[in-house]
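Chains as they are written, first to last, in this note's numbering: chain D, 1 to 217; chain P, 218 to 434.
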């Protein structure tokens, strides 16, 4: 049975490009999976708490040794991991803030990585490999090969490495130069920005076809 | 007048290696700057809040357009930037969690990067270039050249890029393989771990000498 988990993380509300991309993706997914169910989580309005001194080790100690605060934190980890296990597909909106992921996305991943939940206790292999994880990414500038800030997008490279221990293998659809429209200094980049956005939208529209639909296969 | 800002971010309390390194650094700094003052901030016990939908744009809009929640968030940015401006030296403890910085460090940097506070409104140059920013980093595994996880430390590369817009130029002292002592599978790496820690401690002891002390110069 197909189930979608749709996660947004932008703090920019209606003007967010990543939210626009996840919304379109969710729409296309629904069209390809009539009657299937969707769970929505908004890290922008409901952030996952930081790991902190009171809760951070919840995922490193045995149940018997957990404090009350650690019990609460571990329960949230279990809830987040279960949401992913229940989903056949995850959509994550991932804007780039100050060359990294939103701190809410980091906190979420920190909760997701937990031996006994997302990593097998005995074999240490990832337990989430059955879920397709699609990232709809946006970034205000240009980070492509040959640009001055090539290699400055630390969100995507980090996310792939971090999630690998859970078995999740994110694939990315990215729209970049998203601030070109609003920034007069980037006016000359508007055509490139439009091209990047159009490519992302086209890639989204190709995500689910009858052939690729696991229910139709 | 010399002033030190000492920031910790580990969630591991007394067993934290990064806290051990910042404590030793602060001790050495005090010895080299008798009578000078120190401010301490603990992101492990008092995390900086995430940018979220209510507060995230506080640093992108004019004062007149800020909501009450954005006013609070902007005031915290101003406080954090001022702490750095007041300091001649910053020590930041930076553990590596799931191949990235603690989310509290990301949230702090998101607050620090603000036009009008840390970036000049007219010239867009960084305003924090007078502060020496030293990072005491720890990481559980090995990430050196030729190791399987070379390039997986996204905390250090990200931090350098993110802070560059403020003029801060972090320099790093790193102890790695810090979990070798506790992890039986890493027993063979204990000598390398000890070597890494000893190198970090020696580097700390070389940080402030009479010649390098700005008050003595």
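Even glycine gets a Cβ: it sits at the ideal position worked out from N, Cα and C.
Annotation: residue 244 (chain P) to residue 57 (chain D) spans about 27 Å, alpha carbon to alpha carbon.
Excluding its 5 nearest sequence neighbours in each direction, residue 391 (chain P) has C-beta neighbours in its own chain below 6 Å: 354, listed in chain order. Residue pairing from DSSP leaves residue 412 (chain P) without any beta-bridge partner.
The Cβ neighbour count for residue 331 (chain P), taken over all protein chains shown within 10 Å, is at least 16; the residue is labelled buried.
Spanning the alpha carbons of residue 339 (chain P) and residue 185 (chain D) requires a straight line of approximately 13 Å. Residue 258 (chain P) sits in a strand when the DSSP states are folded into three classes. Here the segment 223-235 of chain P does not lie against the segment 202-209 of chain D, with fewer than 3 beta-carbon pairs under 8 Å apart. Taking 9 Å as the cut-off, the Cβ atoms of residue 163 (chain D) and residue 112 (chain D) count as close. Secondary structure note for residue 291 (chain P): its alpha helix (DSSP H) is the uninterrupted segment 285-303.
Just so you know, the alpha carbons of residue 21 (chain D) and residue 218 (chain P) end up roughly 51 Å apart. Within the same chain, and ignoring the five residues on either side of residue 55 (chain D) in sequence, the residues whose Cβ sits closer than 8 Å to its Cβ are 49, 69, 70, 72, 73. CA-to-CA, the gap between residue 308 (chain P) and residue 220 (chain P) works out to about 11 Å. Between the segment 294-304 of chain P and the segment 358-377 of chain P, the count of Cβ pairs shorter than 8 Å is below three; the stretches do not touch.
Residue 366 (chain P) counts as exposed, since fewer than 16 other beta carbons sit within 10 angstroms of its beta carbon.
Judged by DSSP in its simplified three-state form, residue 364 (chain P) adopts coil rather than helix or strand.
Taken atom to atom, the span from the alpha-carbon of residue 25 (chain D) to that of residue 305 (chain P) is near 49 Å.
Look at residue 239 (chain P) here: in three-state DSSP terms it is helix.
In the three-state reduction of the DSSP assignment, residue 250 (chain P) falls in the coil class. Between the beta-carbon of residue 313 (chain P) and that of residue 397 (chain P) there is about 14 Å, and that puts the pair past the 8 Å contact cut. Proximity of residue 184 (chain D) to chain P, defined by a Cβ-Cβ separation below 9 Å, is not satisfied.
At a cut-off of 9 Å between beta-carbon atoms, residue 320 (chain P) makes contact with chain D. Residue 176 (chain D) counts as buried, since no fewer than 16 other beta carbons sit within 10 angstroms of its beta carbon.
At least one CB atom of chain P sits nearer than 9 Å to the CB of residue 52 (chain D).
Inside the segment 310-380 of chain P, DSSP marks whole beta strand (DSSP E) runs of 3 or more residues at positions 349-356, from first to last along the chain.
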